[in-house]
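Just so you know, the sequences run in chain order D and W.
Add 63 to the 1-based position in the first sequence for my numbering, that's all there is to it.
Add 63 to the 1-based position in the second sequence for my numbering, that's all there is to it.
2 protein chains.
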Amino acid sequence: MSRPVRKKAERKSPAERAAEIAAAAREVAVEDGISALTLRSIAARIDVAPALVAHYEPNMESLIARTFGGIVQAELIEVGALVADLATPRARLSHLLDTLLDGTRDDVTLIWVEAWAMGRRNEALAQRVRDEMDDWHAFLLGIVTAGVAEGEFETDDPAGVAWQLLGMIDGLNAHALVRWGDSGERGSRIGHAVEGMLGMRRGALAVG
Amino acid sequence: MSRPVRKKAERKSPAERAAEIAAAAREVAVEDGISALTLRSIAARIDVAPALVAHYEPNMESLIARTFGGIVQAELIEVGALVADLATPRARLSHLLDTLLDGTRDDVTLIWVEAWAMGRRNEALAQRVRDEMDDWHAFLLGIVTAGVAEGEFETDDPAGVAWQLLGMIDGLNAHALVRWGDSGERGSRIGHAVEGMLGMRRGALAVG
DNA sequence: CAACTTGTTGATCGTTTGATCAATAGTAGA
DNA sequence: TCTACTATTGATCAAACGATCAACAAGTTG
């Protein structure tokens with residue numbers, strides 16, 4: 064006779080409850096991916112009736128899209144801050160790659176991979192994915208163009224290089240979702256490829 | 064009063080029926096992804112009762128895993144044959160990249176992306192994904208080592224380069240699932256990166 | 001203190017899914 | 001021809017999903 068005991072949820076202001084639901088959704092997504100986002104999984108996490116979650120969201124599509132956006136946006140800000148203080152574009156890029164490929168971000172990688180797939184059935188999510196990819200591209204493009212301006216990098220297609228970088232990072236991380244064990248080597252492998260794209264001599268990226 | 068009309072399926076030998084079901088599953092997966100593989104979607108395609116599909120498969124997990132394997136294996140064989148006759152490793156690699164990044168293989172890309180995500184809930188699929196990735200890696204490794212032996216490429220970590228190549232290809236293709244429009248540029252962007260990994264001078268990959 | 005507003009819930013609906021099983025109807029062998 | 005075998009099916013189940021809505025109750029206002 065041990066049913067889930069929930070008396071009655073505390074009454075909160077709409078803004079507060081909406082924020083709580085959004086936070087719960089982010090937690091669920093980080094733990095089990097955005098494919099695990101259901102009215103019931105979110106409601107259970109904050110010990111609330113599923114209908115309440117539905118009451119605060121027009122539909123699941125938009126909730127998934129917004130949750131994806133929140134997580135990915137936060138990561139971009141976090142990573143951006145982590146790199147902002149470094150002296151040179153080369154150092155920023157090198158540290159960025161080390162950070163993104165250190166194998167500790169599989170939770171966010173899963174979210175990206177699921178988003179690419181689910182985006183084909185959820186247009187709101189697809190639009191959000193495009194927006195966030197644009198933001199990441201702009202971030203990388205900033206580093207690349209700065210490096211070109213300072214003479215560290217050399218390319219006639221900075222935007223293309225930025226897309227290429229993003230593709231490499233995402234692809235290697237996606238592989239790690241199923242292939243364990245090689246996380247430590249992910250970062251080191253990408254070096255020469257980046258040097259080739261940016262006209263650097265071999266090993267120049269990782270130095271110092 | 065227009066119900067789906069199906070009298071009774073023609074009686075076939077187990078081997079024949081099993082092959083038919085496998086083929087139907089591959090068709091469904093290529094059209095709508097492996098997430099669309101259900102007893103009912105497969106049964107409907109060959110105009111058969113859903114229970115018959117279940118009768119031929121122990122469970123959905125293995126059906127999905129085997130269907131994934133069949134599709135991906137076929138593509139590797141197809142692409143391998145497409146490139147086998149070319150004279151030099153450089154030509155093989157160049158043509159391979161052009162082929163895989165020409166934007167005409169989104170169907171298979173969707174299957175890969177879904178497999179990385181679904182592999183976390185379907186161990187049989189995850190194992191199959193690892194196996195197929197190993198095969199692709201071995202294929203790329205063969206080209207790289209041949210190039211090194213013939214003096215076209217230069218690297219002290221051919222296996223790492225092969226993984227890197229695979230990651231780049233998959234990442235760029237995955238992006239295209241949501242970001243259309245740039246398919247024509249995918250192939251051209253990867254060139255300098257590859258040249259950097261393989262110690263080639265700029266532009267050497269694409270020549271002739 | 002009464003009336004009103006509204007945050008919250010249980011109940012319920014319609015779908016879709018994988019799975020099981022007794023019953024049916026072709027097919028081959030005696 | 002009769003019998004044994006088995007490929008195939010309809011019916012059905014439980015689980016999980018998004019969604020809706022009348023009803024309840026905790027605040028707020030007058």
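Using N, Cα and C, we set each Cβ at its ideal position, and we do this for glycine too.
Does the beta-carbon of residue i have 16 or more other beta-carbons within 10 angstroms, so that it is buried, or is it exposed?
{"i": "leucine 203 of chain D", "result": "buried"}
{"i": "asparagine 122 of chain D", "result": "exposed"}
{"i": "glycine 210 of chain W", "result": "buried"}
{"i": "histidine 255 of chain W", "result": "buried"}
{"i": "arginine 264 of chain W", "result": "exposed"}
{"i": "aspartate 233 of chain W", "result": "buried"}
{"i": "arginine 74 of chain W", "result": "exposed"}
{"i": "isoleucine 174 of chain D", "result": "buried"}
{"i": "glycine 353 of chain D", "result": "Absent from the model: residue 353 of chain D. The displayed extent of chain D is 64 to 271, so no value can be given."}
{"i": "alanine 150 of chain W", "result": "exposed"}
{"i": "isoleucine 140 of chain W", "result": "exposed"}
{"i": "arginine 153 of chain D", "result": "buried"}
{"i": "glycine 266 of chain D", "result": "exposed"}
{"i": "alanine 212 of chain D", "result": "exposed"}
{"i": "arginine 80 of chain D", "result": "buried"}
{"i": "arginine 103 of chain W", "result": "exposed"}
{"i": "alanine 128 of chain D", "result": "buried"}
{"i": "alanine 237 of chain W", "result": "buried"}
{"i": "alanine 82 of chain D", "result": "exposed"}
Alpha helix (DSSP H) containing residue i: first to last residue?
{"i": "valine 146 of chain W", "result": "123-147"}
{"i": "leucine 268 of chain W", "result": "Run containing leucine 268 of chain W: none; DSSP gives neither H nor E here."}
{"i": "threonine 162 of chain W", "result": "152-163"}
{"i": "threonine 167 of chain W", "result": "Segment: none, threonine 167 of chain W is in no alpha helix (DSSP H) and carries neither H nor E."}
{"i": "threonine 218 of chain D", "result": "Note, threonine 218 of chain D: premise wrong, no alpha helix (DSSP H); not H, not E."}
{"i": "alanine 187 of chain W", "result": "186-212"}
Short of 7 Å in beta carbon distance, which residues of its chain neighbour residue i, apart from the five on each side in sequence? Order them along the chain.
{"i": "isoleucine 105 of chain W", "result": "Ile84, Ala87, Ala88, Val91 and Val116"}
{"i": "alanine 178 of chain W", "result": "Ile97, Phe131, Leu188 and Val192"}
{"i": "valine 146 of chain W", "result": "Arg155, His158 and Leu159"}
{"i": "leucine 126 of chain W", "result": "Ala88, Leu100 and Glu120"}
{"i": "threonine 162 of chain D", "result": "Val142 and Leu145"}
{"i": "methionine 260 of chain D", "result": "Thr218, Val224 and Gln227"}
{"i": "proline 113 of chain D", "result": "Leu102, Arg103 and Ala106"}
{"i": "valine 176 of chain W", "result": "Ala237 and Leu240"}
Give every residue of the same chain whose Cβ lies closer than 8 Å to the Cβ of residue i, excluding the five residues on either side of it in the sequence, and list them in chain order.
{"i": "alanine 99 of chain D", "result": "Val91 and Ala92"}
{"i": "leucine 235 of chain W", "result": "Leu164, Arg249, Arg252 and Ile253"}
{"i": "alanine 78 of chain W", "result": "none"}
{"i": "leucine 229 of chain D", "result": "Met196, Trp199, His200 and Leu203"}
{"i": "alanine 222 of chain W", "result": "His200 and Leu204"}
{"i": "glutamate 138 of chain D", "result": "Arg168 and Val171"}
{"i": "arginine 108 of chain D", "result": "Ala87, Glu90 and Val91"}
{"i": "methionine 181 of chain D", "result": "Ile97, Ser98, Ile127 and Leu188"}
{"i": "aspartate 194 of chain D", "result": "Gly132"}
{"i": "glutamine 136 of chain W", "result": "Glu195 and Asp198"}
{"i": "glutamine 190 of chain D", "result": "Ala128"}
Could you pull out every residue in the same chain whose Cβ sits closer than 6 Å to the Cβ of residue i, ignoring the five residues on either side in sequence?
{"i": "glutamate 310 of chain D", "result": "Because chain D spans 64 through 271 in this model, residue 310 of chain D falls outside it and cannot be assessed."}
{"i": "alanine 72 of chain W", "result": "Val111"}
{"i": "valine 257 of chain D", "result": "Leu268"}
{"i": "proline 67 of chain W", "result": "Confidence at proline 67 of chain W is low in this model, with a pLDDT of 47, below 50, so the placement of that residue is unreliable and no value is reported for it."}
{"i": "threonine 208 of chain D", "result": "Pro221"}
{"i": "leucine 133 of chain D", "result": "Sequence check: residue 133 of chain D is glycine here, not leucine. Taken in chain order, the residues that qualify are Arg89."}
{"i": "asparagine 185 of chain W", "result": "Glu124"}
{"i": "isoleucine 206 of chain W", "result": "Pro152, Arg155 and Leu156"}
Report the residue ranges of all alpha helix (DSSP H) runs contained in full by the stretch 93-118 of chain D; include only those spanning at least 4 residues, in chain order.
-> 102-108
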